[in-house]
Amino acid sequence: MRELVILGTASQVPTRTRNHNGYFLRWEREGILFDPGEGTQRQMIHAGVSASRITRICLTHVHGDHCFGLPGVLSRMVLDGAAHPVHLHYPASGEDVVRSLVSLATPGLDLRLHPHGAAGPVAPGLEVRPLLHRIETYGYRLTEPDGRTFLPERLAAAGVSGSDIGLLHREGILGGVRLEDVSVPRTGQRFAFVMDTAPCEGAEELADGVDLLVSESTFSDDDAALAEQYRHLTAGQAGAHAGNGGAGTLVLTHYSSRYDDVGVLAEQARAKAGAATVIAAADLDRIPFPSRRPAIG
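In the numbering used here, the protein residues as written are 500 to 796.
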């Protein structure tokens, strides 16, 4: 199952209806928590997200609204008896802040720290790109390996069934039947997470060809001067990243408290997002991962 759970959508200042950042991605056997701001542990309870499901935590940067919830989440994992390793990824320049936050958590968790300081892979299928903010910041991109989709009618015609299907998939040929005779290529799904940045090459690279793009949308296009001053995105700029990159779905979040109604942000994003579906996230939303794009062949 692949699903994005929105734990919080506020930027620096929370509101009565918006908690600080927090995003949980169910990705098959992985549970990835992105940017747990203050109050994330409580939001997880409301969303029905078990802390013990977390296998990986990714911090884009160490501003408080993106990481101050970390000690509480880690402590809850200890309380719940999580016995599996938990991998924590973060910018290397935030080492002191991260270690301070971790030191506040209840001991007893198999927590493995993974600082990074450049673009590239940080774990199997997971890579980072530098963003353009006031401190060192990285966005994340998750990629499923390409594979193949079996066609039942071709399998039946070739007389391949049961465990032989798995054997054919592994070996590539079985009794004269080739894998390509009974299947078509399947593009792996892709997810990207872009927070706290001015428009930049890294954000464009992260958004390229993804099925689901989560992007900050701190300011309205009408407040572009503020966005430039604080190195954030406007809604239109977030939409342009999705549209130019051919993203399937764009999820907007990280709103300034000046906007009570984020509908205008969604409209501004849609004007630039091309064919992408635009969703203005709200706290506790559950967003299913988009369906696979049509198979090639």
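Each residue gets a CB set at the ideal place from its N, CA and C atoms; glycine is no exception.
Contact belief for residue i with residue j at Cβ below 8 Å, rounded distance in angstroms
i: residue 747; j: residue 710; result: 4 Å
i: residue 546; j: residue 573; result: Going by Cβ atoms, the distance from residue 546 to residue 573 rounds to 18 Å, so no, they are not a contact pair.
i: residue 873; j: residue 768; result: Nothing can be reported for residue 873, as the shown portion of the chain is limited to 500 through 796.
i: residue 718; j: residue 756; result: Contact doesn't hold; Cβ gap of about 11 Å is too wide.
i: residue 637; j: residue 559; result: 6 Å
i: residue 640; j: residue 705; result: 5 Å
i: residue 611; j: residue 584; result: 6 Å
i: residue 522; j: residue 505; result: 6 Å
i: residue 788; j: residue 502; result: 6 Å
i: residue 496; j: residue 529; result: This structure does not reach residue 496, given that the chain is present from 500 up to 796, and the question cannot be answered.
i: residue 628; j: residue 744; result: Actually they do not touch by this definition, with Cβ atoms about 12 Å apart.
Residue i versus residue j - alpha carbon distance
i: residue 517; j: residue 782; result: 6 Å
i: residue 508; j: residue 662; result: 46 Å
i: residue 534; j: residue 520; result: 6 Å
i: residue 786; j: residue 779; result: 11 Å
i: residue 699; j: residue 674; result: 52 Å
i: residue 761; j: residue 686; result: 33 Å
i: residue 568; j: residue 678; result: 48 Å
i: residue 654; j: residue 689; result: 28 Å
i: residue 524; j: residue 664; result: 30 Å
i: residue 563; j: residue 511; result: 8 Å
i: residue 580; j: residue 598; result: 22 Å
i: residue 772; j: residue 721; result: 17 Å
i: residue 614; j: residue 625; result: 14 Å
i: residue 703; j: residue 656; result: 45 Å
i: residue 532; j: residue 551; result: 11 Å
Bounding residues of the beta strand (DSSP E) (the contiguous stretch that carries residue i)
i: residue 750; result: 748-752
i: residue 664; result: Careful: residue 664 lies outside any beta strand (DSSP E), inside the alpha helix (DSSP H) at 662-670.
i: residue 613; result: 610-615
i: residue 623; result: That residue, residue 623, is in no beta strand (DSSP E); it is neither H nor E in DSSP.
i: residue 704; result: Note, residue 704: premise wrong, no beta strand (DSSP E); alpha helix (DSSP H) at 700-706.
i: residue 589; result: 585-590
i: residue 772; result: Where residue 772 is concerned, there is no enclosing beta strand (DSSP E), given that its DSSP letter is neither H nor E.
Element boundaries [alpha helix (DSSP H), containing residue i]
i: residue 570; result: 569-578
i: residue 597; result: 594-602
i: residue 544; result: 539-546
i: residue 738; result: 734-744
i: residue 651; result: 651-657
i: residue 769; result: 762-769
i: residue 467; result: The structure shown does not extend to residue 467, since the chain is modelled only from 500 through 796, so no value can be given for it.
Identified DSSP bridge partners for residue i
i: residue 786; result: 503
i: residue 563; result: Looking at the DSSP assignment, residue 563 forms no beta bridge with any residue, so it has no partner.
i: residue 637; result: 629
i: residue 714; result: 693, 751
i: residue 532; result: 523, 556
i: residue 678; result: DSSP output for residue 678 lists no bridge partner at all.
i: residue 550; result: None, per the DSSP bridge assignment.
i: residue 683; result: 648
> Using 8 Å as the Cβ pair cut-off and three pairs as the minimum, do the region 664-683 and the region 644-655 touch?
Replying inline: yes
>> With three or more C-beta pairs closer than 8 Å as the rule, is the region 692-710 touching the region 631-644?
In response: yes
> How about the region 665-672 and the region 737-756: do they share at least three Cβ pairs that are nearer than 8 Å?
Replying inline: no
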